[in-house]
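Participant:
Residue numbers (this note's numbering): 11 to 426.
1) Please report how far the alpha carbon of residue 124 lies from the alpha carbon of residue 34, in whole angstroms.
2) In the DSSP assignment, the alpha helix (DSSP H) including residue 152 goes from what residue to what residue?
3) Our contact map puts residue 274 next to residue 364 with C-beta atoms below 8 Å; I'd like the distance itself, whole angstroms only.
4) Alpha carbon to alpha carbon, how far is residue 139 from residue 251?
5) Please classify residue 323: is it buried, with 16 or more other beta-carbons within 10 angstroms of its beta-carbon, or exposed?
6) Enumerate in chain order the residues of its own chain whose CB-to-CB distance from residue 267 is below 6 Å, with the five nearest sequence positions on each side excluded.
7) Have a look at 232, 226, 221 and flag the residue whose alpha-carbon is nearest the alpha-carbon of residue 240.
8) Report yes if the CB atom of residue 303 is closer than 8 Å to the CB atom of residue 314, and no otherwise.
9) Would you kindly report the start and end of the unbroken alpha helix (DSSP H) that includes residue 261?
10) Taking the alpha helix (DSSP H) that residue 358 falls in, what are its first and last residues?
11) Just how far apart, CA to CA, sit residue 115 and residue 298?
12) Can you grab the Cα-Cα spacing for the pair residue 371 / residue 393, in whole Å?
13) Tell me residue 274's beta-bridge partners as DSSP assigns them.
14) Using CA atoms only, rank isn't needed, just tell me which of 13, 404, 60, 41 is closest to residue 28.
15) Taking the beta carbon of residue 283 as the centre, do at least 16 other beta carbons fall within 10 Å, making it buried, or is it exposed?
16) What are the start and end residues of the alpha helix (DSSP H) that includes residue 337?
17) Straight-line CA distance for residue 209 to residue 150?
18) Residues in the same chain with beta-carbon distance under 8 Å from residue 156, minus the five sequence neighbours each way, listed in chain order, please.
19) Check residue 406 in the structure and name its three-state DSSP category.
20) Alpha carbon to alpha carbon, what distance is there between residue 98 and residue 217?
21) Less than 8 Å between the C-beta atoms of residue 396 and residue 11, yes or no?
22) Taking the runs of the beta strand (DSSP E) that are 3 residues or longer, which of them lie wholly in the segment 86 to 138?
23) At the level of alpha carbons, what is the spacing between residue 360 and residue 330?
24) Take residue 62 and list the residues in its own chain whose beta-carbon comes closer than 7 Å to its own, dropping the five residues that flank it on each side.
25) Less than 8 Å between the C-beta atoms of residue 451 and residue 236, yes or no?
26) Cutting at 6 Å between CB atoms, please list the residues of its own chain near residue 1, excluding the five before and the five after it.
27) Out of curiosity, what's the CA-to-CA distance linking residue 17 and residue 310?
28) When you compare only the Cα positions, how much space is there between residue 373 and residue 101?
29) Taking just the CA atoms, how far does residue 290 sit from residue 280?
30) Going by DSSP, name the residue or residues bridged to residue 26.
31) Quick check on residue 16: does DSSP put it in helix, strand or coil?
32) Please report the distance separating the alpha-carbon of residue 44 from that of residue 356.
33) So the beta strand (DSSP E) residue 233 belongs to, where does it begin and stop?
34) Leaving aside the five residues before and after residue 77 along the sequence, list all residues of the same chain whose C-beta is less than 6 Å from its C-beta, in chain order.
35) In this structure, does DSSP put residue 245 in helix, strand or coil?
36) Please return the same chain residues whose Cβ sits closer than 7 Å to the Cβ of residue 383, not counting the five positions on each side in sequence.
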């Protein structure tokens with residue numbers, strides 16, 4: 011993980027918190043009914059999630075109130091455009107972008123001496139079964155200020171109004187009340203403290219609830235895709251809801267995605283892409299056992315790559331080169347089927363979002379595809395950072411180095 015941090019691929023988009031900001035953060039935790047952190051210094055991401063506090067509490071999604079309702083904490087304008095490292099929903103980053111777009115000046119004003127608790131309300135108190143997610147059509151984003159600053163502003167305004175009535179300007183009691191609130195909260199009269207709730211429509215999305223679920227509602231039929239096989243097997247017993255159910259490992263899922271024009275599969279086009287080369291090299295690294303050169307040298311050298319490729323057993327070598335073999339044979343064998351030559355897992359790795367999809371849906375489908383076949387380390391980092399960080403720890407150090415360079419090279423020109 012140290013190499014990722016040095017490369018700016020972990021923690022680079024975190025805001026440092028200490029002193030009065032740490033005190034405000036604990037105040038927000040108290041508002042959420044959570045115990046304060048004992049840490050004096052820590053970092054937060056765009057939603058106010060802290061890796062250090064998560065480790066301290068031994069709970070990844072410690073800001074959530076159950077699975078149905080999430081929260082965020084805004085301490086600083088510096089959180090604007092920052093990464094969301096552990097999103098519970100696929101739309102969490104977009105929500106924070108919307109909040110800062112709508113209330114940037116108010117956030118700057120409020121966070122001078124306060125903080126904001128953001129509540130993502132789905133109008134559902136708790137999830138009881140995966141099908142509850144089909145009812146999730148709208149999200150209400152509401153705000154609560156630390157120390158109830160907005161109501162204190164209204165109290166000040168009423169005191170000033172009372173002070174200006176008749177001869178009240180000589181009333182020492184009113185004088186003292188005004189001075190007391192001013193000493194405690196400052197002059198709030200002209201502050202921008204009111205944040206109206208934001209209503210957002212929710213379409214297809216991914217959630218960590220129920221072990222991880224994709225809800226696809228923008229297509230021919232409603233589709234729910236489960237990461238948990240146990241929960242999938244329970245769900246298929248349902249005969250009430252009109253929805254197609256799949257587990258991420260099901261072969262029927264990939265064919266459905268293609269048939270519904272959610273994904274596209276063009277093996278001739280894809281075989282010429284950089285993504286294909288990354289996938290092939292990743293599968294090569296998984297297959298190779300004995301090597302004398304560092305993996306990053308093998309992967310970057312066509313000569314060394316061919317050397318070690320030819321040292322693999324024939325079946326493994328044939329599987330790794332199956333796409334090239336298929337394209338070559340297809341020229342003369344018109345009736346050749348892909349499944350006769352190309353390994354099924356390889357084929358799944360080469361799926362991509364359909365070109366007709368909007369950007370938001372494309373990102374969601376990329377996230378689904380990387381769950382189905384996590385064979386492209388770049389896309390794994392882009393679309394599923396949590397899984398990337400877990401998987402990274404098991405890689406050979408030399409392969410870690412190669413992947414880091416791959417991400418840095420592509421981040422200069424592309425982003426998900």
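C-beta: ideal position from N, C-alpha, C; glycine also.
Facilitator: Let's see:
1) 7 Å
2) Premise fails: residue 152 lies in the beta strand (DSSP E), 148 to 155, not in any alpha helix (DSSP H).
3) 5 Å
4) 12 Å
5) exposed
6) 273
7) 221
8) yes
9) That run of the alpha helix (DSSP H) goes 261 to 269.
10) Judged by DSSP secondary structure, residue 358 falls within the alpha helix (DSSP H) whose first and last residues are 354 to 359.
11) 55 Å
12) Cα to Cα, residue 371 sits roughly 13 Å from residue 393.
13) Looking at the DSSP assignment, residue 274 forms a beta bridge with 362.
14) Ranking 13, 404, 60, 41 by Cα distance to residue 28 puts 60 first.
15) exposed
16) 332 to 340
17) 5 Å
18) The residues are 34, 37, 38, 41, 124, 125, 126, 127.
19) coil
20) Pairing residue 217 with residue 98, the inter-Cα distance amounts to about 6 Å.
21) no
22) 126 to 131
23) Residue 360 and residue 330: Cα-Cα distance of roughly 13 Å.
24) The residues are 49, 52, 53.
25) Any answer about residue 451 is impossible in this case: the structure gives the chain only from 11 up to 426.
26) Absent from the model: residue 1. The displayed extent of the chain is 11 to 426, so no value can be given.
27) 19 Å
28) 10 Å
29) 12 Å
30) Note: residue 26 sits in a beta bridge opposite 53.
31) helix
32) 45 Å
33) 233 to 236
34) 137, 219
35) helix
36) 355, 358, 359
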